[in-house]
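A.B. asks:
Protein chains: 2
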Amino acid sequence: MNILICSAGRRVKLVQYFKEELNKLNGKVIAVDCDPTAAALHHADHYEVVPRINQPEYIDCLKALCNKYKINAVLSLIDPELALLAGYKEEFESAGVKVIISNRDVVNVCFDKYLTYQFLRDHQIPAVPTYTEIQEVLKDLENGDIDFPLIVKPQTGSASIGIHKVDSLNELRRYEAEQNNFIIQPFISGEEYGVDCYIDMVKSEATHIFMKRKITMRAGETDKSISVNDPALKQLIEKLVLALKPVGPIDIDCFKTEEGYLVSEINPRFGGGYLHAHEMGFNFVMSIITNLQGKPNDTKINDYKEGTTLVKFDNVILF
Amino acid sequence: MNILICSAGRRVKLVQYFKEELNKLNGKVIAVDCDPTAAALHHADHYEVVPRINQPEYIDCLKALCNKYKINAVLSLIDPELALLAGYKEEFESAGVKVIISNRDVVNVCFDKYLTYQFLRDHQIPAVPTYTEIQEVLKDLENGDIDFPLIVKPQTGSASIGIHKVDSLNELRRYEAEQNNFIIQPFISGEEYGVDCYIDMVKSEATHIFMKRKITMRAGETDKSISVNDPALKQLIEKLVLALKPVGPIDIDCFKTEEGYLVSEINPRFGGGYLHAHEMGFNFVMSIITNLQGKPNDTKINDYKEGTTLVKFDNVILF
Numbered sequence: 026m027n028i029l030i031c032s033a034g035r036r037v038k039l040v041q042y043f044k045e046e047l048n049k050l051n052g053k054v055i056a057v058d059c060d061p062t063a064a065a066l067h068h069a070d071h072y073e074v075v076p077r078i079n080q081p082e083y084i085d086c087l088k089a090l091c092n093k094y095k096i097n098a099v100l101s102l103i104d105p106e107l108a109l110l111a112g113y114k115e116e117f118e119s120a121g122v123k124v125i126i127s128n129r130d131v132v133n134v135c136f137d138k139y140l141t142y143q144f145l146r147d148h149q150i151p152a153v154p155t156y157t158e159i160q161e162v163l164k165d166l167e168n169g170d171i172d173f174p175l176i177v178k179p180q181t182g183s184a185s186i187g188i189h190k191v192d193s194l195n196e197l198r199r200y201e202a203e204q205n206n207f208i209i210q211p212f213i214s215g216e217e218y219g220v221d222c223y224i225d226m227v228k229s230e231a232t233h234i235f236m237k238r239k240i241t242m243r244a245g246e247t248d249k250s251i252s253v254n255d256p257a258l259k260q261l262i263e264k265l266v267l268a269l270k271p272v273g274p275i276d277i278d279c280f281k282t283e284e285g286y287l288v289s290e291i292n293p294r295f296g297g298g299y300l301h302a303h304e305m306g307f308n309f310v311m312s313i314i315t316n317l318q319g320k321p322n323d324t325k326i327n328d329y330k331e332g333t334t335l336v337k338f339d340n341v342i343l344f
Numbered sequence: 026m027n028i029l030i031c032s033a034g035r036r037v038k039l040v041q042y043f044k045e046e047l048n049k050l051n052g053k054v055i056a057v058d059c060d061p062t063a064a065a066l067h068h069a070d071h072y073e074v075v076p077r078i079n080q081p082e083y084i085d086c087l088k089a090l091c092n093k094y095k096i097n098a099v100l101s102l103i104d105p106e107l108a109l110l111a112g113y114k115e116e117f118e119s120a121g122v123k124v125i126i127s128n129r130d131v132v133n134v135c136f137d138k139y140l141t142y143q144f145l146r147d148h149q150i151p152a153v154p155t156y157t158e159i160q161e162v163l164k165d166l167e168n169g170d171i172d173f174p175l176i177v178k179p180q181t182g183s184a185s186i187g188i189h190k191v192d193s194l195n196e197l198r199r200y201e202a203e204q205n206n207f208i209i210q211p212f213i214s215g216e217e218y219g220v221d222c223y224i225d226m227v228k229s230e231a232t233h234i235f236m237k238r239k240i241t242m243r244a245g246e247t248d249k250s251i252s253v254n255d256p257a258l259k260q261l262i263e264k265l266v267l268a269l270k271p272v273g274p275i276d277i278d279c280f281k282t283e284e285g286y287l288v289s290e291i292n293p294r295f296g297g298g299y300l301h302a303h304e305m306g307f308n309f310v311m312s313i314i315t316n317l318q319g320k321p322n323d324t325k326i327n328d329y330k331e332g333t334t335l336v337k338f339d340n341v342i343l344f
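If you're matching them up, the sequences are chains A and B in order.
Plus 25 on top of the position in the first sequence (first one is 1) and you've got the numbering used here.
Plus 25 on top of the position in the second sequence (first one is 1) and you've got the numbering used here.
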């Protein structure tokens with residue numbers, strides 16, 4: 026069994042996890058990226074430098090590589106590519122290549138932070154209040170429903186890029202004039218949690234839910250985290266998964282506030298903090314392989330130790 | 026020979042380099058940090074969790090550890106600790122423990138970005154213009170000597186924390202009201218270079234100068250870099266080292282502009298980008314050990330290959 030990882034970037038450990046499991050089955054991991062200096066390329070069994078995902082030839086290039094390397098399944102590690110690949114799911118699958126990505130509508134809901142909010146609100150799942158219209162913000166500021174500071178961020182961004190804290194009405198108006206496609210949220214001062222779920226592709230239910238509190242962030246990614254096991258959070262996530270119906274690995278960000286947990290973001294892919302789940306034996310890579318073999322995984326919802334800390338640090342590669 | 030690394034933080038590779046070299050001599054590396062989750066602690070031969078550097082008992086704690094582990098030399102990896110340890114150099118050395126840090130005046134000049142600028146200017150070394158007084162900025166804006174955008178940053182900061190781009194007079198005045206101890210510089214759009222030097226502690230001259238262009242930054246650190254060998258930059262660095270008289274490992278940041286190189290920052294310690302020099306055979310760790318044995322190092326100024334790329338990626342540790 027051979028798996029193609031698209032936009033592998035700097036996610037070396039994840040590529041290594043795939044290599045480890047696939048090599049046991051005489052399979053291979055092939056990594057692609059548009060940047061030849063992407064570190065993860067250099068840790069796969071094979072790699073190829075491909076066009077940018079917005080180039081017209083990109084999909085044909087992936088198809089040719091699926092053919093060249095006898096690929097059984099494809100997945101991507103970056104948000105903007107998920108919607109693209111989700112749109113070609115049937116085309117790839119008719120050629121015998123499974124695309125390990127949620128359906129297009131799920132991907133779209135997750136990619137756009139305002140759609141995410143609307144989806145959560147419509148399903149009675151507590152969410153961070155999110156606005157696209159300054160008039161609505163002004164109304165809720167007046168009502169006392171929200172207060173400064175506010176956070177302004179791109180409607181479809183990731184990795185904390187382009188996020189600004191706004192402390193006054195004047196500042197907010199400046200953003201109104203300057204920015205397009207932004208959303209506005211109240212600044213939530215609660216602790217941040219990240220939840221890694223695996224939604225089994227055979228039995229269509231969550232087989233793994235791994236919860237962690239984020240201790241420190243670095244470059245928009247979890248740098249240190251500690252495993253937790255809170256039934257209230259688990260229940261919220263189960264409700265979300267039932268409503269959203271994603272497949273494969275997904276990553277959900279939450280805040281813990283005095284009023285309970287609020288969902289802030291859903292990434293329908295391996296999250297940057299997945300390494301913690303994996304290192305504690307929640308091996309989604311093996312789950313994917315089991316599913317690709319047509320078998321369901323055992324449910325292992327919260328069978329892990331609380332209070333275990335994961336810390337990231339730098340390694341290097343020279344070429 | 027045993028070496029104590031203070032404020033080891035997340036600098037795992039550096040601790041591993043020390044371990045590798047010291048273990049060959051039956052020596053050990055001992056790492057300390059105030060944070061038990063500091064990843065580098067867990068890669069040393071021994072580690073200890075110590076008080077914060079601003080606690081009154083800190084220095085006594087270090088002295089006790091020097092005794093406990095028969096330490097021959099001490100160094101620190103963070104800027105705020107350099108000045109502290111430089112002040113206790115003689116005290117430690119009279120107890121037989123070498124402190125691998127430049128003299129206190131050198132450390133102070135490097136720690137304060139305005140003192141750095143004054144030093145460079147006084148020694149006719151091209152530097153990024155730096156202001157502490159808004160009146161001076163206004164005068165030079167009027168003269169046409171500088172222009173917006175400007176950069177406002179803490180006078181003694183590091184890792185790009187608290188850096189703001191300022192696009193207008195109004196914004197600048199807002200910072201004047203809000204901030205203390207900041208400096209103002211014009212925004213330089215040139216490419217960034219990092220230079221790792223080793224100044225031999227026996228022969229008191231630069232034995233290694235390794236130059237790299239920074240390709241991408243992440244969390245205020247060089248994430249990707251490419252080795253370069255530019256005689257103009259080398260000459261500038263040699264002039265700086267002769268004037269400043271630092272010792273041991275130092276790291277210098279520069280911009281390349283149409284008018285030539287400008288020095289922007291000097292860190293009299295192992296820089297975050299040192300890994301590139303080391304991986305290419307510029308082994309400052311071995312240089313330190315040689316010096317501690319009372320021997321000078323061979324000069325190896327620019328004996329390395331141009332165009333070699335170093336890329337960082339994440340590894341993890343669980344505890």
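Ideal Cβ positions, reconstructed from N, Cα and C, are used throughout, including at glycine.
Keep in mind it's a predicted model, so treat the numbers as computed, not measured.
Would you list the residues sitting across from residue 177 of chain B in a DSSP beta bridge?
C.D. replies: The sequence position of residue 177 of chain B within the second sequence is 152, counting from 1. DSSP, once it has assigned bridges, lists B/189, B/209 as partnering residue 177 of chain B.
A.B. asks: Who are the neighbours of residue 37 of chain B on chain A, taking C-beta pairs under 9 Å?
C.D. replies: Taking the first residue of the second sequence as position 1, residue 37 of chain B is located at position 12. Residues of chain A passing the Cβ test: 338, 339, 340.
A.B. asks: How many Å lie between residue 137 of chain A and residue 31 of chain A at the Cα?
C.D. replies: By one-based count along the first sequence, residue 137 of chain A stands at place 112. By one-based count along the first sequence, residue 31 of chain A stands at place 6. So the two alpha carbons sit approximately 21 Å from each other.
A.B. asks: In three-state terms, what does DSSP make of residue 94 of chain A?
C.D. replies: In the first sequence, residue 94 of chain A corresponds to position 69, counting from 1. Coil.
A.B. asks: Using alpha carbons as the reference points, say which of B/122, B/321, B/186, B/224 lies closest to residue 244 of chain B.
C.D. replies: Your numbering for residue 244 of chain B matches position 219 in the second sequence. With distances taken between Cα atoms, residue 244 of chain B lies closest to B/186.
A.B. asks: Less than 8 Å between CB atoms is the rule here; does residue 29 of chain A satisfy it with respect to chain B?
C.D. replies: The count along the first sequence starts at 1 and reaches residue 29 of chain A at position 4. No, its Cβ sits nowhere closer than 8 Å to a Cβ of chain B.
A.B. asks: Using the Cα positions of residue 169 of chain A and residue 90 of chain B, report the straight-line distance between them to the nearest angstrom.
C.D. replies: In the first sequence, residue 169 of chain A corresponds to position 144, counting from 1. In the second sequence, residue 90 of chain B corresponds to position 65, counting from 1. The alpha-carbon atoms of residue 169 of chain A and residue 90 of chain B are separated by roughly 55 Å.
A.B. asks: Count the C-beta pairs between the segment 321 to 338 of chain B and the segment 155 to 169 of chain B that are closer than 8 Å, then say yes if the count reaches three, no if not.
C.D. replies: no
A.B. asks: Whole angstroms are fine: how far does the CA of residue 56 of chain B sit from the CA of residue 155 of chain A?
C.D. replies: Position 130 of the first sequence, counting from 1, holds the residue named residue 155 of chain A. Position 31 of the second sequence, counting from 1, holds the residue named residue 56 of chain B. Near 45 Å, if we compare the C-alpha coordinates of residue 56 of chain B and residue 155 of chain A.
A.B. asks: So which of A/133, A/118, A/83, A/124 has the shortest CA-CA distance to residue 104 of chain A?
C.D. replies: Walking along the first sequence from the start, residue 104 of chain A turns up at place 79. Distances from the CA of residue 104 of chain A to each of A/133, A/118, A/83, A/124 were compared; the closest alpha carbon is that of A/133.
A.B. asks: Counting along the chain, where does the alpha helix (DSSP H) carrying residue 114 of chain B start and finish?
C.D. replies: By 1-based counting over the second sequence, the position of residue 114 of chain B is 89. Per DSSP, residue 114 of chain B belongs to the alpha helix (DSSP H) from 114 to 119.
A.B. asks: Along the segment 287 to 305 of chain B, what residues have a CB closer than 8 Å to any CB found in chain A?
C.D. replies: 300, 301, 304, 305
A.B. asks: Pull up the distance between the alpha-carbon of residue 191 of chain B and that of residue 191 of chain A, whole angstroms please.
C.D. replies: Your numbering for residue 191 of chain B matches position 166 in the second sequence. Your numbering for residue 191 of chain A matches position 166 in the first sequence. Near 16 Å, if we compare the C-alpha coordinates of residue 191 of chain A and residue 191 of chain B.
A.B. asks: Along the chain, where does the alpha helix (DSSP H) containing residue 60 of chain B start, and where does it finish?
C.D. replies: Locating residue 60 of chain B in the second sequence gives position 35, where the first residue counts as 1. Careful: residue 60 of chain B lies outside any alpha helix (DSSP H) and carries neither H nor E.
A.B. asks: Could you tell me which chain A residues have their CB closer than 8 Å to the CB of residue 249 of chain B, listed as they occur along the chain?
C.D. replies: Indexing the second sequence from 1 puts residue 249 of chain B at position 224. Within chain A, the residues near residue 249 of chain B are 62.
A.B. asks: Taking residue 27 of chain B as the reference, which of B/39, B/35, B/52, B/33 has the closest Cα?
C.D. replies: The residue you call residue 27 of chain B lines up with position 2 of the second sequence. Per the Cα distances, B/52.
A.B. asks: Whose C-beta lies closer than 6 Å to the C-beta of residue 292 of chain A among residues of the same chain, with five residues either side of it excluded?
C.D. replies: In the first sequence, residue 292 of chain A corresponds to position 267, counting from 1. Excluding residues within five positions, the ones whose Cβ falls inside 6 Å are 276.
A.B. asks: For residue 268 of chain A, which three-state DSSP category applies?
C.D. replies: In the first sequence, the residue the question calls residue 268 of chain A occupies position 243. In the structure shown, residue 268 of chain A sits in a helix (DSSP, three-state: H, G or I).
A.B. asks: Look up residue 250 of chain A in the DSSP assignment and give the residues it is bridged to.
C.D. replies: Indexing the first sequence from 1 puts residue 250 of chain A at position 225. DSSP output for residue 250 of chain A lists A/239, A/335 as bridge partner(s).
A.B. asks: Along the chain, where does the beta strand (DSSP E) that runs through residue 295 of chain B open and close?
C.D. replies: In the second sequence, residue 295 of chain B corresponds to position 270, counting from 1. Looking at the DSSP string, residue 295 of chain B is not in any beta strand (DSSP E), and its letter there is neither H nor E.
A.B. asks: Quick one: which unbroken beta strand (DSSP E) runs of 3-plus residues sit fully inside the segment 26 to 70 of chain A? Chain order, please.
C.D. replies: 27 to 31, 53 to 58
A.B. asks: Which class does residue 137 of chain B belong to by DSSP, given the choice of helix, strand or coil?
C.D. replies: Working through the second sequence from its first residue, we reach residue 137 of chain B at position 112. It is coil, neither helix nor strand.
A.B. asks: Might you give, ordered along the chain, the residues of its own chain that have their beta carbon closer than 7 Å to the beta carbon of residue 37 of chain B, omitting 5 neighbours on each side?
C.D. replies: Within the second sequence, numbered from 1, the residue matching residue 37 of chain B stands at position 12. Around residue 37 of chain B: 64, 65, 68.
A.B. asks: Going by beta carbon distance, what residues of the same chain come within less than 7 Å of residue 296 of chain B, once the five residues before and after it are set aside?
C.D. replies: Within the second sequence, numbered from 1, the residue matching residue 296 of chain B stands at position 271. The residues are 219, 221, 276.
A.B. asks: Taking the alpha-carbon of residue 239 of chain A as reference, which of A/335, A/83, A/47 has the nearest alpha-carbon?
C.D. replies: Start at 1 with the first residue of the first sequence, and residue 239 of chain A comes out as number 214. Looking at the Cα atoms, A/335 is the closest of the given residues.
A.B. asks: Expressed to the nearest angstrom, what Euclidean distance is found between the alpha-carbon atoms of residue 261 of chain B and residue 83 of chain B?
C.D. replies: Indexing the second sequence from 1 puts residue 261 of chain B at position 236. Indexing the second sequence from 1 puts residue 83 of chain B at position 58. Near 38 Å, if we compare the C-alpha coordinates of residue 83 of chain B and residue 261 of chain B.
A.B. asks: Taking any Cβ of chain A, which residues in the segment 234 to 248 of chain B have a Cβ under 7 Å from it, in chain order?
C.D. replies: 243, 244
A.B. asks: Step through the CB atoms of chain A and report whether any lies within less than 8 Å of the CB of residue 343 of chain B.
C.D. replies: Stepping through the second sequence from its first residue, residue 343 of chain B is reached at position 318. Yes, residue 343 of chain B counts as interfacial toward chain A.
A.B. asks: Any heavy atom of the ligand ADP closer than 7 Å to the beta-carbon of residue 155 of chain A?
C.D. replies: Annotation note on the ligand ADP: not contained in the displayed structure, which lists no ligands.
A.B. asks: Using DSSP with H/G/I as helix, E/B as strand and the rest coil, what is residue 99 of chain B?
C.D. replies: Counting from 1 along the second sequence, the entry for residue 99 of chain B is found at position 74. Note: residue 99 of chain B maps to strand in three-state DSSP.
A.B. asks: So, with DSSP's three-state summary, where would you put residue 359 of chain A?
C.D. replies: Given a span of 26 to 344 for chain A in the structure shown, any question on residue 359 of chain A remains unanswerable.
A.B. asks: Taking a cut of 9 Å between CB atoms, which residues from the segment 173 to 202 of chain B lie near chain A?
C.D. replies: none
A.B. asks: Taking the C-alpha atoms as reference points, what is the distance between residue 266 of chain A and residue 227 of chain A?
C.D. replies: The residue you call residue 266 of chain A lines up with position 241 of the first sequence. The residue you call residue 227 of chain A lines up with position 202 of the first sequence. Roughly 15 Å between the two C-alpha positions.
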